[in-house]
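Asker: Quick one: structure below, then a few questions.
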Amino acid sequence: MKKLFSKDHLPAFLQNDRLRLTAIGLVALAMFGVILAFFINFILGIFLLVLFAALVGTVFYALETVTKNTNKYISDLSYRIKRGEQEALIKMPIGILLYSEENEIEWTNPYLQEYLGKKEVLGEPIATIDPELAKLITENEATNEPKTVRWGDNQFEIIIQEGIRVVYLLDITRYAKIEERYNEEQLAIGQIFLDNYDEITQTMTDKSISNLNNYVTNELSNWARHYGMFLKRVDDDHFFLLTYAKALKEIEADNFKILDRIRDRTSKQNYPLTLSVGIANGDTDLAKLATVSQSNLDLALGRGGDQVVVKAENGQARFYGGKTNPMEKRTRVRARMISQALQEVMNQVDQVFVMGHAQPDMDSLGACLGIRRIAAMNGKKCSIVVNQEHVHTDIQRLLAQLQADPEIGPDILTPDQAPELATNHSLLVMVDHSKPSISTSPILYHRLSNRTIIIDHHRRGEEFPENPMLVYIEPYASSTCELITEMFEYQPKETEAINKLEATAMLAGITVDTKSFSLRTGTRTFDAASYLRSVGADAVMVQRLLKENVDNYIQKNHLIESIEFIRPNMALCLGEEDETYDPVIAAQAADTLLSLSGIDASFVITRRPGGDIGISARSLGEVNVQVIMEQLGGGGHLSNAATQLQDSTVAAARDQLEQVITKIEQDTAE
């Protein structure tokens, strides 16, 4: 029995141990039943034995058939799998290339051969067959991760197994085109605002206004039609714009020449009209796009108008235009509204802090004194936050007089003292700047970031407080002191007015920023100066505060001696690499250069006390130095701007400056 059921005498289907044991068990059980039947009844035993034999034969036959079919299926499946592997290797839509250590082609599958043409490739160097493919392999050989590359007119996902020298190329051109089309058809929302429409149309006849409206609408409609955009006029001075990312890219490449065209043609008709545009892209949420486009329009207007701001919600802003001086759009009504809003906010706080930029100048410190006086007129204590280290001689003189004043002296705090005194109900007023990073005390700003007011006359930059309570930015104004001086007219009359020292400091701020009333002045500038003189500002004291010491004068002249012309009308002065210069001296040198014949723009590059490289830029208005400085990370006005470069040298800063000027000239020429 043991020999009968040995593995060698069993059918194929019982060669498996589990099946063999199961079958042996069943046979043994059946035989036991047959033997037991013989003991009970011989005839019954014979019958069961025959039945058992027939049943066992049937089962063995059926199982043998199943086994043969299974073996045949497995054998066929194994063959098909192996054949499929071979076919896939040869015909699958993935290019495969094997190459030798000498970068010679050892084998390619037919799919890749189609891209290489009909020429013989085996044994040939890859660089000889296709230099572009050889370059791709060399550049991506070290990475085992898939990378998207362009080869010829197609795009591929390339994977290189450097260890076995195999290149896999998956053609993803179709999917890349789908992705490209998706990106090109991303929506962008824009808002167009006619900056000075109300001011221009006030003195025009109905016929002239109608002609102006027709001209602007036709010009913008033709422009929109050319780029396949949707344009809708929603108000006399407001248009809504809807376009695709592809069209936006083309318009940006054209540098939004529509701004120049409308401005130039309306100027010839004696009603110069400028546009401000805010465009948002890079999101599928239309409501969010609309909000960001309005924010971008506000940014363009805050920078003085006549320009375009293109920006995604968390992206980098791109600026176009802004080549002209800002148009005067501020009115007495706006000054009164801002003044009243400032009063209302001050009435809700326990104390006020005011600060300018980190290295204060006369306009910054004078504006701080003006806000302090306005706070006092409204019954609020106001502290001036000022960094008294590394200040210029004019600020040193003014600070000495302020600290000697028994009323003002105790209210002057250092950047370290102010944050400790601030509470959750305090108010911060930032004057003469809107960038938190250059504030006298960034810590104080972060402490009161949700209770901040901004009053400034510089063009608004991309860096800006997130949630200011009130913003008063007028880029056309001569100085921040001018803006604040106008507010005194709308303060409570029963309180003590501005005193002589405060008025003198504010007049000095206006004097410095206007270069003694020779640049960036308007009628409002002289009105403000007249008011300050009427309340006691001392012109002689202004001259004393602004006096230069001998060392600074010599250093300034030394800078001017290094003058060179980088363009026929652009002068450049460079400081020594190993010598530091006060920023005020560099600014004064740049101003002095403008007084020389044949110079329309001046640049002074020096190393500042902190180790950074500073560039002071000035112009008479023909050259937009603000655009140049923005390209280098700075900003300012069209005729007065600056920037600071970290981890740089004077020579490197000069090269960067020339590159930016060259690029702007090329863009303008196009």
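Every letter in the sequence shown is one number past the one before it in my numbering, and letter 291, counting from 1, is 1764. C-beta: ideal position from N, C-alpha, C; glycine also. Please read all numbers here as calculations on a predicted model, not as lab measurements.
1) Is residue 1702 buried or exposed, if buried means 16 or more other CB atoms sit within 10 Å of its CB?
2) In chain order, what residues of the same chain have a beta carbon less than 7 angstroms from the beta carbon of residue 1739, not counting five sequence neighbours either side?
3) Between the alpha carbons of residue 1667 and residue 1832, how many angstroms are there, rounded?
4) Just to confirm the assignment, what range does the alpha helix (DSSP H) spanning residue 1867 have?
5) Can you tell me whether residue 1899 is helix, strand or coil according to DSSP?
6) In chain order, what residues of the same chain lie with their CB nearer than 7 angstroms to the CB of residue 1885, ignoring the 5 residues before and after it?
7) For residue 1512, is the classification buried or exposed, using 16 other Cβ atoms within 10 angstroms of its Cβ as the cut-off for buried?
8) Starting from the Cα of residue 1761, find the closest Cα among 1782, 1774, 1786, 1777 and give me that residue.
9) Check residue 1966 in the structure and name its three-state DSSP category.
10) Starting from residue 1836, trace the beta strand (DSSP E) both ways and give me its first and last residue.
11) How should residue 1852 be labelled, buried or exposed, when 16 other C-beta atoms within 10 angstroms of its C-beta is the threshold for buried?
12) Using 10 angstroms around the beta-carbon of residue 1580, count the other beta-carbons present and answer buried if the total reaches 16, otherwise exposed.
13) Taking Cβ positions, are residue 1998 and residue 1959 nearer each other than 7 angstroms?
14) Count the other CB atoms within 10 Å of the CB of residue 2136; is the residue buried (16 or more) or exposed (fewer)?
15) Could you tell me which residues DSSP puts in a beta bridge with residue 1696?
16) Residue 1864 to residue 1695, Cα distance in whole Å?
17) I need the straight-line Cα distance from residue 2124 to residue 1661, nearest angstrom please.
18) Are there 16 or more other CB atoms within 10 angstroms of the CB of residue 1618, so buried, or fewer, so exposed?
19) Going by CA-CA distance only, name the one from 1974, 1817, 2013, 2043 that's closest to residue 1879.
20) Measure the beta-carbon distance from residue 2089 to residue 2100 and round it to whole angstroms, keeping in mind my assumption that it falls under 8 angstroms.
21) Bridge partners of residue 1887, per DSSP?
22) Label residue 1482 either buried or exposed according to how many other C-beta atoms from any shown protein chain fall within 10 Å of its C-beta, with 16 as the threshold for buried.
23) Does the separation of the CB atoms of residue 1778 and residue 1749 fall below 7 angstroms?
24) Using a C-beta cutoff of 7 angstroms, does residue 1684 count as contacting chain B?
25) Can you tell me which residues form a DSSP beta bridge with residue 1704?
26) Can you name the start and end residues of the alpha helix (DSSP H) that residue 2120 belongs to?
27) Contact check, residue 1664 vs residue 1732 under 8 angstroms by CB: the rounded distance?
28) Since residue 1819 sits in a beta bridge, which residues does DSSP pair it with?
29) Run the CB neighbour count on residue 1826, radius 10 Å, all protein chains shown included, and call it buried at 16 or more, exposed below.
30) CA-CA distance, residue 1769 and residue 1962?
31) Out of 1834, 1566, 1650, 1821, point me to the one whose CA is closest to residue 1980's CA.
32) In whole angstroms, what separates the C-alpha of residue 1894 from that of residue 2013?
33) Quick one: using the 10 Å Cβ neighbour count with 16 as the cut-off for buried, is residue 1903 buried or exposed?
34) Count the other CB atoms, across all protein chains shown, that sit within 10 Å of the CB of residue 1616; report buried if there are 16 or more and exposed otherwise.
35) Along the chain, which unbroken stretches of the alpha helix (DSSP H) at least 4 residues long are found entirely within the stretch 1558 to 1601?
Answerer: Reading off the structure:
1) Your numbering for residue 1702 matches position 229 in the sequence shown. The residue in question, residue 1702, is buried, as its Cβ has 16 or more Cβ neighbours within 10 Å.
2) Mapped onto the sequence shown, residue 1739 falls at position 266. Contacts found: 1745, 1746.
3) The count along the sequence shown starts at 1 and reaches residue 1667 at position 194. The count along the sequence shown starts at 1 and reaches residue 1832 at position 359. Each residue's Cα considered, the two are about 36 angstroms apart.
4) In the sequence shown, residue 1867 corresponds to position 394, counting from 1. Note, residue 1867: alpha helix (DSSP H), 1866 to 1877.
5) The residue you call residue 1899 lines up with position 426 of the sequence shown. Residue 1899: strand per DSSP, three-state reduction.
6) The count along the sequence shown starts at 1 and reaches residue 1885 at position 412. Closer than 7 angstroms at Cβ, skipping near neighbours: 1857, 1859, 1875, 1876.
7) By one-based count along the sequence shown, residue 1512 stands at place 39. Residue 1512 comes out exposed.
8) Position 288 of the sequence shown, counted from the start, is the residue given in the question as residue 1761. Per the Cα distances, 1786.
9) Taking the first residue of the sequence shown as position 1, residue 1966 is located at position 493. Residue 1966 falls in the coil class under three-state DSSP.
10) As a position in the sequence shown, residue 1836 is number 363, starting the count at 1. No beta strand (DSSP E) holds residue 1836; the alpha helix (DSSP H) holding it covers 1835 to 1850.
11) As a working mapping, residue 1852 is identified with position 379 in the sequence shown. Looking at its Cβ environment, which holds fewer than 16 other Cβ atoms inside 10 Å, residue 1852 is exposed.
12) Numbered from 1 along the sequence shown, position 107 holds the residue referred to as residue 1580. Residue 1580 should be labelled exposed.
13) Counted from its first residue, the sequence shown places residue 1998 at position 525. Counted from its first residue, the sequence shown places residue 1959 at position 486. Going by C-beta atoms, residue 1998 is not nearer than 7 angstroms to residue 1959.
14) Here the question's residue 2136 lines up with position 663 in the sequence shown. Classification of residue 2136: exposed, given that the 10 Å Cβ count is below 16.
15) Residue 1696 sits at position 223 when you count from the first residue of the sequence shown. None, per the DSSP bridge assignment.
16) As a position in the sequence shown, residue 1864 is number 391, starting the count at 1. As a position in the sequence shown, residue 1695 is number 222, starting the count at 1. Approximately 54 angstroms, taken between the alpha carbons.
17) On the sequence shown, position 651 is the one that residue 2124 refers to. On the sequence shown, position 188 is the one that residue 1661 refers to. If you take the alpha carbons of residue 2124 and residue 1661, they lie about 41 angstroms apart.
18) The residue given as residue 1618 occupies position 145 in the sequence shown. Per the 10 Å Cβ criterion, exposed.
19) In the sequence shown, residue 1879 corresponds to position 406, counting from 1. It is 1974.
20) Reading the sequence shown from its first residue, position 616 is the one you call residue 2089. Reading the sequence shown from its first residue, position 627 is the one you call residue 2100. Their Cβ separation, rounded to whole angstroms, is 16 angstroms, which puts residue 2089 and residue 2100 out of contact at 8 angstroms.
21) In the sequence shown, counting from the first residue as 1, residue 1887 sits at position 414. In the DSSP output, where bridge partners are listed per residue, residue 1887 has none listed.
22) Mapped onto the sequence shown, residue 1482 falls at position 9. Here residue 1482 scores only 46 on pLDDT, less than 50, and its place in the model should not be relied on; the value that follows carries that caveat. Classification of residue 1482: exposed, given that the 10 Å Cβ count is below 16.
23) On the sequence shown, position 305 is the one that residue 1778 refers to. On the sequence shown, position 276 is the one that residue 1749 refers to. It is a contact, given that the beta carbons lie within the stated cut-off.
24) Here there is only one protein chain, and chain B is not present.
25) On the sequence shown, position 231 is the one that residue 1704 refers to. The partner list for residue 1704 (beta bridge, DSSP) reads 1714.
26) Against the sequence shown, residue 2120 aligns to sequence position 647. Counting along the chain, residue 2120 falls outside any alpha helix (DSSP H), and DSSP gives it neither H nor E.
27) Indexing the sequence shown from 1 puts residue 1664 at position 191. Indexing the sequence shown from 1 puts residue 1732 at position 259. The Cβ separation is near 14 angstroms, so there is no contact.
28) Start at 1 with the first residue of the sequence shown, and residue 1819 comes out as number 346. According to DSSP, residue 1819 bridges with nothing at all.
29) Here residue 1826 refers to the residue found at position 353 of the sequence shown. By the neighbour-count rule (16 or more Cβ atoms within 10 Å), residue 1826 is buried.
30) The sequence position of residue 1769 within the sequence shown is 296, counting from 1. The sequence position of residue 1962 within the sequence shown is 489, counting from 1. Computed Cα separation, rounded: 33 angstroms.
31) Numbered from its first residue, the sequence shown carries residue 1980 at position 507. Ranking 1834, 1566, 1650, 1821 by Cα distance to residue 1980 puts 1834 first.
32) Walking along the sequence shown from the start, residue 1894 turns up at place 421. Walking along the sequence shown from the start, residue 2013 turns up at place 540. Roughly 37 angstroms between the two C-alpha positions.
33) Position 430 of the sequence shown, counted from the start, is the residue given in the question as residue 1903. Classification for residue 1903: buried.
34) Residue 1616 sits at position 143 when you count from the first residue of the sequence shown. Per the 10 Å Cβ criterion, exposed.
35) 1583 to 1589
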